[in-house]
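Novice:
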Amino acid sequence: MTDLPSVLVGAAPLSHADVVAVVRHGAPVVIAAEALERVAQTRSVIDGLAADPNPHYGVSTGFGALATTFIAPDRRRQLQASLIRSHAAGTGPEVEREVVRGLQLLRLQTLASGRTGVRPVVVETYAALLNAGITPIVREYGSLGCSGDLAPLAHIALATMGEGDVRDAAGELVPASEALEACGIEPLTLVEKEGLALINGTDGMLGTLVLALHDLDELLITADIAAAMSIESQLGTDAVFAADLMALRPQVGQGASAANLRAFLADSPIVHSHKGPEDGRVQDAYSLRCTPQVHGTARDTAGYAATIADRELASVIDNPIITVDGRIESNGNFHGAPVAAVLDFLAISVADVASVSERRTDRALDPARNHGLPPFLADEVGVDSGLMIAQYASAGIVSELKRLAVPASVDSIPSSAMQEDHVSMGWAAARKLRRAIDGLGRVLAIEILTGARALDLRAPLEAGPATGAVRDLVRTVAAGPGPDRFLSPDMEAVTALVQSGAIARIAKEHAHA
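With the working numbering as the guide, the letters of the sequence shown map in order to residues 27 to 539.
Written as structure tokens, this is what we have:
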């Protein structure tokens, strides 16, 4: 159980913070009373259409390319169950728990809108599974990102029917029927329209987008402090980040990144040691000097992506949909193009931020460019290799991030007998962005590990308050300069600090106001 405050579903669109609280941290959900009233009212419309001898898509017909096939009343429950069973066709490794919970929560939000035609019991059952910590098994492959994330959402629906496998609150793999029984949850028997309502959504790609934006918010601050450590330890200048220079190119993200760099480098004895006319260098390399331009572009990309995510969180996506005036209408809102495009856009910026980080790391290790530091920051040059192979690891990750930056959303493979002849591939874009976010955290961790050692090697000169605080935090999990040792544990430990947000937090706490 969690002591986090509950999140209300059905009264207003969920916020990014709401999504993260529920899917990552296990905050409970509560359904707004007015939402259940709306759901019941709309269900009465579906019940009326079910009794109509004229066919209505999703209510008394087949699906997709079989939309013109009329289904007799006595076969419609079987129709709904068959839809879910056949569409739960994912394959490959299990998807991460928080991504699956995102599928559950965001589909619940749409069901609670009262525009999908499900019964109140369906809404209540989805909430019950979330609150019980029951996580259906969803597989890596299966969604084309059009007609929504059909296969992933079908795996969720299958579990509410008491079929398939789930992981319980303790993470144990158990049959869904056993997990539901243990929590006192009655399996659903789906009726007209409900099968479609449970699977026609962009929930998988949207949930991944919201989580990625949350993680990027901290990672981009971490990127700025990593760059500050590199600039400081490589005897770079902070003059190029001056506010008046940034104002000449009023890009919002660039300005924010430059402000961070000024705050992180303020009061640095190392920076102060080489200011003035005695410093003969005209300008630093691009990877140091152009940090705000690169990091800032990623910030602006994330800002645009957040706008799209906000719109999607305020959306009701199903097909067909029941309008406010009671019409049942087919539509194309399930197409994942808006979300797929920004997922790809973010993957490009993630690769770029990681790329410039790796270049700063490489400069720190090269005696021809690091201004007096030992080769590879080694203790006994020739005997020790220092951080040579840490940079190899960073370069290998960056190479993969460049491949992951190739857009998925420009691809399309027709399906459903050419009825679904253009798809978004948004789920694929989401999956590769998730891997890219992990890679970025690791590349930044290697730069921070390198920067921390380089700052130590500048002694007796001292680091600034912010960079020094980060270096001291790194020293709680990774020792300073010295003979070569098993390096992988240090890299993993600093990566954990990055991914937990600890690096970003301590940098902000010690930054110049």
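Built from N, CA and C at the ideal position, the CB exists for glycine as well.
(1) Using the C-alpha atoms, what's the distance from residue 279 back to residue 324?
(2) Please name the residue in 168, 82, 385, 54 whose C-alpha comes closest to that of residue 134.
(3) Whole angstroms are fine: how far does the CA of residue 118 sit from the CA of residue 412?
(4) Under the three-state reduction of DSSP, which class applies to residue 83: helix, strand or coil?
(5) Can you tell me whether DSSP reads residue 278 as helix, strand or coil?
(6) For residue 5, which residues in the same chain have their Cβ closer than 8 angstroms to its Cβ, ignoring the five residues on either side in sequence?
(7) Is the distance from the Cβ of residue 480 to the Cβ of residue 424 below 9 angstroms?
(8) Using 10 angstroms around the beta-carbon of residue 434, count the other beta-carbons present and answer buried if the total reaches 16, otherwise exposed.
(9) Just grab the DSSP bridge partners of residue 446 for me.
(10) Quick check on the DSSP output: the beta strand (DSSP E) that includes residue 118 runs from which residue to which?
(11) Looking only at its own chain, which residues have a Cβ that is under 6 angstroms from the Cβ of residue 401, when we skip the five neighbours before and after it?
(12) What does the alpha-carbon distance come out to for the pair residue 217 and residue 104?
(13) Below 8 angstroms, how does it come out for the stretch 155 to 173 and the stretch 451 to 458: are there three or more Cβ pairs, yes or no?
(14) What's the gap between the Cα of residue 385 and the Cα of residue 436?
(15) How close, in whole Å, do the beta carbons of residue 487 and residue 313 come, if the pair is a contact with beta carbons under 8 angstroms?
(16) Quick one: grab the DSSP three-state call for residue 200.
(17) Counting only the same chain and skipping the five closest in sequence on each side, list residues whose C-beta sits under 7 angstroms from that of residue 287.
(18) Suppose the cutoff is 6 angstroms on Cβ atoms and the five residues either side in sequence are ignored; what does the same chain contact list for residue 492 look like?
(19) Note down the Cα distance separating residue 131 from residue 420, rounded to an integer number of angstroms.
(20) Rounded to whole angstroms, what's the CA-CA distance from residue 85 to residue 72? Just pull it up for me.
(21) I'd like to check one pair, residue 136 with residue 229: are the Cβ atoms closer than 9 angstroms?
(22) Any chance the stretch 192 to 202 sits against the stretch 234 to 242, with 3 or more Cβ pairs inside 8 angstroms?
(23) Mapping the DSSP letters down to three states, classify residue 503 as helix, strand or coil.
(24) What residues in its chain sit with their C-beta under 7 angstroms from that of residue 525, if we drop five residues either side in the sequence?
(25) Compare the C-alpha of residue 111 against each of 409, 342, 320, 221 and name the closest.
(26) Using CA coordinates, which residue listed in 457, 114, 489 is at the minimum distance from residue 261?
(27) Between residue 176 and residue 162, is the Cβ-Cβ spacing less than 9 angstroms?
(28) What does the alpha-carbon distance come out to for the pair residue 366 and residue 122?
(29) Can you check which of these residues, 70, 246, 69, 341, is closest to residue 40 by C-alpha distance?
(30) Should residue 302 be labelled buried (16 or more other beta-carbon atoms within 10 Å of its own) or exposed?
(31) Nearest to residue 359 by CA position, among 226, 281, 446, is which residue?
(32) Measure the beta-carbon distance from residue 513 to residue 459 and round it to whole angstroms, keeping in mind my assumption that it falls under 8 angstroms.
(33) DSSP three-state call for residue 96: helix, strand or coil?
Specialist: Concretely, from the data shown:
(1) Locating residue 324 in the sequence shown gives position 298, counting from the first residue. Locating residue 279 in the sequence shown gives position 253, counting from the first residue. The straight-line gap from Cα to Cα measures roughly 7 angstroms.
(2) Taking the sequence shown and counting its residues from 1, one reaches residue 134 at position 108. Nearest of 168, 82, 385, 54 to residue 134, Cα basis: 54.
(3) Taking the sequence shown and counting its residues from 1, one reaches residue 412 at position 386. Taking the sequence shown and counting its residues from 1, one reaches residue 118 at position 92. Rounded to the nearest angstrom, the two C-alpha atoms are 39 angstroms apart.
(4) Along the sequence shown, read from residue 1 onward, the residue named residue 83 stands at position 57. Reduced to three states, the DSSP call for residue 83 is coil.
(5) As a position in the sequence shown, residue 278 is number 252, starting the count at 1. In the structure shown, residue 278 sits in a helix (DSSP, three-state: H, G or I).
(6) Past the edges of the chain, shown from 27 to 539, lies residue 5, and the structure says nothing about it.
(7) As a working mapping, residue 480 is identified with position 454 in the sequence shown. As a working mapping, residue 424 is identified with position 398 in the sequence shown. Not a contact, by the Cβ cut-off of 9 angstroms.
(8) By one-based count along the sequence shown, residue 434 stands at place 408. Classification for residue 434: buried.
(9) Position 420 of the sequence shown, counted from the first residue, corresponds to residue 446. For residue 446, which the question treats as bridged, DSSP gives the partners 441.
(10) Taking the sequence shown and counting its residues from 1, the one referred to as residue 118 is at position 92. From DSSP, the beta strand (DSSP E) with residue 118 extends over 117 to 120.
(11) In the sequence shown, the residue the question calls residue 401 occupies position 375. Answer for residue 401: 393, 407, listed in chain order.
(12) Stepping through the sequence shown from its first residue, residue 217 is reached at position 191. Stepping through the sequence shown from its first residue, residue 104 is reached at position 78. Those two C-alpha atoms are separated by around 9 angstroms.
(13) Segments in contact, yes.
(14) One-based indexing of the sequence shown puts residue 385 at position 359. One-based indexing of the sequence shown puts residue 436 at position 410. Approximately 29 angstroms between the Cα atoms of the pair.
(15) Stepping through the sequence shown from its first residue, residue 487 is reached at position 461. Stepping through the sequence shown from its first residue, residue 313 is reached at position 287. So it is not a contact: roughly 22 angstroms between Cβ atoms.
(16) Taking the first residue of the sequence shown as 1, we reach residue 200 at position 174. Reduced to three states, the DSSP call for residue 200 is strand.
(17) For the purposes of this step, residue 287 is identified with residue 261 of the sequence shown, where counting begins at 1. In chain order, 250, 253, 254, 264, 267, 317, 318 place their CB closer than 7 angstroms to the CB of residue 287, counting only its own chain and leaving out the 5 sequence neighbours on each side.
(18) The residue labelled residue 492 in the question sits at position 466 within the sequence shown. Cβ neighbours of residue 492 beyond the five flanking positions: 290, 533, 536, 537.
(19) On the sequence shown, position 105 is the one that residue 131 refers to. On the sequence shown, position 394 is the one that residue 420 refers to. Roughly 35 angstroms separates the two Cα atoms.
(20) Position 59 of the sequence shown, counting from 1, holds the residue named residue 85. Position 46 of the sequence shown, counting from 1, holds the residue named residue 72. If you take the alpha carbons of residue 85 and residue 72, they lie about 7 angstroms apart.
(21) Within the sequence shown, residue 229 is the residue found at index 203, counting from 1. Within the sequence shown, residue 136 is the residue found at index 110, counting from 1. Taking 9 angstroms as the Cβ cut-off, residue 229 and residue 136 qualify as a contacting pair.
(22) no
(23) For the purposes of this step, residue 503 is identified with residue 477 of the sequence shown, where counting begins at 1. Coil at residue 503, not helix or strand.
(24) Against the sequence shown, residue 525 aligns to sequence position 499. These residues qualify, in order along the chain: 467.
(25) As a first step, residue 111 must be located in the sequence shown, where it is residue number 85. The candidate whose alpha carbon is nearest that of residue 111 is 221.
(26) The residue labelled residue 261 in the question sits at position 235 within the sequence shown. Of 457, 114, 489, the residue nearest in Cα terms is 489.
(27) Walking along the sequence shown from the start, residue 176 turns up at place 150. Walking along the sequence shown from the start, residue 162 turns up at place 136. For residue 176 and residue 162, no; Cβs fall outside 9 angstroms.
(28) Position 340 of the sequence shown, counting from 1, holds the residue named residue 366. Position 96 of the sequence shown, counting from 1, holds the residue named residue 122. Computed Cα separation, rounded: 19 angstroms.
(29) For the purposes of this step, residue 40 is identified with residue 14 of the sequence shown, where counting begins at 1. Measuring from the Cα of residue 40, the nearest candidate turns out to be 341.
(30) Reading the sequence shown from its first residue, position 276 is the one you call residue 302. Classification of residue 302: exposed, given that the 10 Å Cβ count is below 16.
(31) Residue mapping note: residue 359 aligns to position 333 of the sequence shown, counting from 1. Ranking the options by Cα distance to residue 359, first place goes to 226.
(32) For the purposes of this step, residue 513 is taken as the residue at position 487 of the sequence shown. For the purposes of this step, residue 459 is taken as the residue at position 433 of the sequence shown. Not quite, the Cβ-Cβ distance comes to about 28 angstroms (not below 8 angstroms), so this is no contact.
(33) Numbered from 1 along the sequence shown, position 70 holds the residue referred to as residue 96. Three-state DSSP puts residue 96 in a strand.
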